[in-house]
Structures are given as C-alpha cells and as structure tokens.
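Novice: The opening residue of the sequence shown carries number 42 in this note's numbering; numbering runs sequentially from there.
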Amino acid sequence: MAIEFFHTSVSPEAVSLATRTLMSTWLSEGRRVKEFEDALSDRLGLVNPAALNSGTSALHLALVIANVGPGDEVILPPQTFIATGLAIVMQGAVPVFADVDPCTGNLLPESVAAKVTSRTRAVMPVHWAGLPCDMDDIQDIASRHGLAVVEDAAHALGAAYHGSPIGGLSRFTAFSFQAIKHLTTGDGGALCCTDANDARQVMARRWFGIDRANSPMSVLGEREYDLDTVGYKYHMNDLAAAVGLGNLQDFPQRLARRRLVAARYLDALSGVHGLELPPCPSDRESAWWLFQLRVDRREDFIRALASRGVPASVVHQRIDRNRVFGGVRSDLFGQAEFDMRQVSIPVHEGLSDADVAQVVDAVRAGW
Ligand SMILES: Cc1ncc(COP(=O)(O)O)c(C=O)c1O
42 MAIEFFHTSV SPEAVSLATR TLMSTWLSEG RRVKEFEDAL SDRLGLVNPA
92 ALNSGTSALH LALVIANVGP GDEVILPPQT FIATGLAIVM QGAVPVFADV
142 DPCTGNLLPE SVAAKVTSRT RAVMPVHWAG LPCDMDDIQD IASRHGLAVV
192 EDAAHALGAA YHGSPIGGLS RFTAFSFQAI KHLTTGDGGA LCCTDANDAR
242 QVMARRWFGI DRANSPMSVL GEREYDLDTV GYKYHMNDLA AAVGLGNLQD
292 FPQRLARRRL VAARYLDALS GVHGLELPPC PSDRESAWWL FQLRVDRRED
342 FIRALASRGV PASVVHQRID RNRVFGGVRS DLFGQAEFDM RQVSIPVHEG
392 LSDADVAQVV DAVRAGW
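#1: Using the beta-carbon count (16 or more within 10 Å), is MET381 buried or exposed?
#2: Considering only residues of the segment 183 to 222, which uninterrupted beta strand (DSSP E) runs meet the minimum length of 3 residues and lie entirely inside it, listed in chain order?
#3: If you measure from the CB of GLY230, is any heavy atom of ligand 1 nearer than 6 Å?
#4: Identify the residues that DSSP records as bridge partners of GLY230: which are they?
#5: DSSP three-state label for LEU63, please.
#6: Would you list the residues sitting across from LYS274 in a DSSP beta bridge?
#7: Check whether the Cβ atoms of GLU192 and SER217 sit closer than 7 Å, and answer yes or no.
#8: Can you list, in chain order, the stretches of the beta strand (DSSP E) that have 3 or more residues and sit fully within the segment 80 to 126?
#9: If you compare alpha carbons, which of SER159, GLY208, ILE129, ARG344 is closest to SER98?
#10: Could you tell me whether the Cβ atoms of GLY230 and ALA281 are closer together than 7 Å?
#11: Quick one: complete beta strand (DSSP E) runs, 3+ long, within the segment 325 to 358?
#12: Is it right to say ALA245 is buried, meaning 16 or more other beta carbons lie within 10 angstroms of its own, or is it exposed?
#13: Can you name, in chain order, every residue of its own chain whose Cβ lies under 7 Å from the Cβ of THR158, other than the five neighbours on each side?
#14: Opposite GLU317 in the DSSP bridges: which residues?
#15: When burial is assigned at 16 or more other CB atoms within 10 Å of the CB, is CYS321 buried or exposed?
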C-alpha cells in the first residue's frame, strides 16, 4: 500500500461507541460529551476541557472570553494555519505578526516583546508541528503587560513542557480534533481554561450563552433564561464525542508510535548532507504532528522522494500575506528563512517499520 502523508485513525472502540450512540438516538450534546471531557482531563491531564465543534471555535471563544474586541491587537506567528488569524479578525481585532525561530517555526519571545503596544490584549503561541513554544518566556512577557495567553495547541495534543502536559499551562489552550489530527472526532476541538470562571463562561457560551446545567425548565417545557450577551453554537455533539472517546482508548499507544518513528528518523537521518533535522530541546516533548525538516533545493527533494514512493509536503505556508490580514509583507527574518526550507515527511502511527525504512532510504538516496 502507498505510504500516506497524513493518516486518520479510527479505533474499533470508536466504531462501536459511535454505533451505540446512533442507536440510542441521543445525538446532541449529552452524556458522551461529558464522558469525553472527563476522559481528556483524567487520561491526558487537560485542565477544564470543554468539548467544542472545532479548534477554530475554541480559539475564537477564548478571545471572546478574554474580552478581545475591535481595535485590540493580538500577537501571533505567521507560521500557522489561517484559523489562528481568522479568530482574531472575527472579533474585529488586529493580528500583529511576530517572528519565529527559523529552526522550529515557533514564536520568538523577544519578537513578541518587541511587538507589544498599549493596545495589545493577547498573545497566541502556536505549538508548531507539536513542539511546545518557549512558554516560560512568553508567560513572563504576558504577565508583565497584562496579556491573555491563548495557546493554539491544534498540533500538540500529548505534548509536554517542563514535565506538564500542554492543556493546563496558560489561561486558555485550544485543541483541534479535526480528521487528520492525532485524536479525531471527525471535526471537533476543546478549549481548556486554568481559571474556573473562564471555564464556566465557556460552558455557557458554547451553547448560545445558555447555561444548560443551571437554567431551569418552566412548566411550559421551555428553558428559562434572559441572555445579556452573545453566545455561539460551538458545542460538540454526542456522536462526535463517542468517536473521540473511542479513539482515546489507544491514543497513548498511537502517540508512542509517532515518537518512535520520529526517533528513528532523528537517528537514521542525522548527518545527511543538505538537510537539517527538527530540534528536540530536552525540557519539552513534541507530539510530532509533523516531522519537519529543513532542506536545500526543496522542490528537488519533494520530486526525488515522490519518485521513490514517499510523499513529502510543505505544511503550511505563512499566513501574514493574506489580504484579510492587510496583505502586508512583514520583514520577519526567521519566518522568511523557515519558509524557504521547511518540508515534512510522513510521521504517524499508520507507518509500518518497512514504511519507515523506505522513507529513510528515500531521503538518504539524495535529491
Ligand atoms: C495551527 C492550527 N490552528 C487551528 C486549526 C483549526 O482547527 P479546526 O480545523 O479544528 O478548526 C488548525 C487546523 O487544522 C491548525 O493547524
């Protein structure tokens, strides 16, 4: 079978739980969502996870609850998916792009510090490819200037920083459970909050602003509420949660397999001419959503690997030049360097040992 670049894992338990949920005919948000949230905190150490319908919803809701509004500035890296920037624009706020480490694509704290103004309200570090950002430095800058930290952890489920899981370090952390992420619910996401009051607000505002758990039913059979603010239809449904719960069963094994594949590449590809391996700082653990190399003559590299049956791809290109963000070509030198050389090879639990050997041989054969 051809080697896949991305792989979607659906465990037998996910199929069985989804079937049982369908048969129950309770498909909207219910007990499966609660079970999924409990499992995310019990098994993966996420803090107050609220299950939502996408990672984008999680990012947006975090900015809403952080009170980011029109004219406010939010600092983010260009090296991300467009969703991170769009969440800022949805609030009428201004995305301000800071530079990234040319080796990892992660935000450079010193560039964040240089971009802070009196209008800055939040900073959104993106754990690119699954490698945690320099969170201590970013938290320091944020607390000095009173900024909310919203981590975009779409690539980082299972990653750890200084021994703690991503999902409990900052005021907000957003995850994605979209089809090609480590853990999928089809589409879905989660927003974690370290502050209990924020967490309560997320629970209410993910469903129009109505606090389901605490709004009584009238004798007419209608829930009683009087909304004074906008809410959203961002909740996860029970069918998606059933898929997520089932897929959580073997998540640790699948993550371990990714880490093993990454370790094999790091070993077997070290010293290959014209190629630099992803850095692995010892104080943090990547979730390895991508295995991103930096290579010379990238198009030749992609063509050579394709001719040997190995898919390689650039994921994703910088977002700051999109017209929705003003279309300005910002002079971010780390980003420019990362942009020219980054390319990824497959890293996922669907790769057999023979596939991994084929990828290694294909790279070592040269381009
Ligand atoms: C870095 C990053 N942030 C946010 C998102 C958005 O997540 P979702 O597709 O679940 O809305 C993605 C998605 O794919 C992403 O890669």
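We put the CB at the ideal spot given by N, CA and C, even for glycine.
Specialist: Once the coordinates are examined:
#1: In the sequence shown, residue 381 corresponds to position 340, counting from 1. Per the 10 Å Cβ criterion, exposed.
#2: 189 to 193, 213 to 217, all fully within the segment 183 to 222.
#3: Start at 1 with the first residue of the sequence shown, and residue 230 comes out as number 189. For GLY230, the shortest separation between its Cβ and any heavy atom of ligand 1 lies below 6 Å.
#4: Position 189 of the sequence shown holds residue 230. LEU93, SER217.
#5: Stepping through the sequence shown from its first residue, residue 63 is reached at position 22. Residue state, collapsed to three classes: helix.
#6: Along the sequence shown, one-based indexing puts residue 274 at 233. TRP248, per the DSSP bridge assignment.
#7: Here residue 192 refers to the residue found at position 151 when the sequence shown is read from its first residue. Here residue 217 refers to the residue found at position 176 when the sequence shown is read from its first residue. With contacts defined by Cβ atoms closer than 7 Å, GLU192 and SER217 do not form a contacting pair.
#8: Runs found: 91 to 93, 114 to 117.
#9: Within the sequence shown, the letter at position 57 stands for residue 98. Of the candidates SER159, GLY208, ILE129, ARG344, the one whose C-alpha sits nearest the C-alpha of SER98 is ILE129.
#10: Stepping through the sequence shown from its first residue, residue 230 is reached at position 189. Stepping through the sequence shown from its first residue, residue 281 is reached at position 240. Not a contact, by the Cβ cut-off of 7 Å.
#11: Fully enclosed beta strand (DSSP E) runs of 3 or longer: 332 to 336.
#12: Taking the sequence shown and counting its residues from 1, the one referred to as residue 245 is at position 204. Here ALA245 is buried: its Cβ has 16 or more other Cβ atoms, across all protein chains shown, within 10 Å.
#13: Position 117 of the sequence shown, counted from the first residue, corresponds to residue 158. When the five nearest sequence neighbours on each side are left out, the beta carbons in the same chain lying within less than 7 Å of the beta carbon of THR158 are those of GLU114, in order along the chain.
#14: Counted from its first residue, the sequence shown places residue 317 at position 276. Partner residues in the beta bridge of GLU317, as assigned by DSSP, are ARG335.
#15: Within the sequence shown, numbered from 1, the residue matching residue 321 stands at position 280. A residue is called buried when at least 16 other Cβ atoms come within 10 angstroms of its Cβ; CYS321 does not meet this threshold and is exposed.
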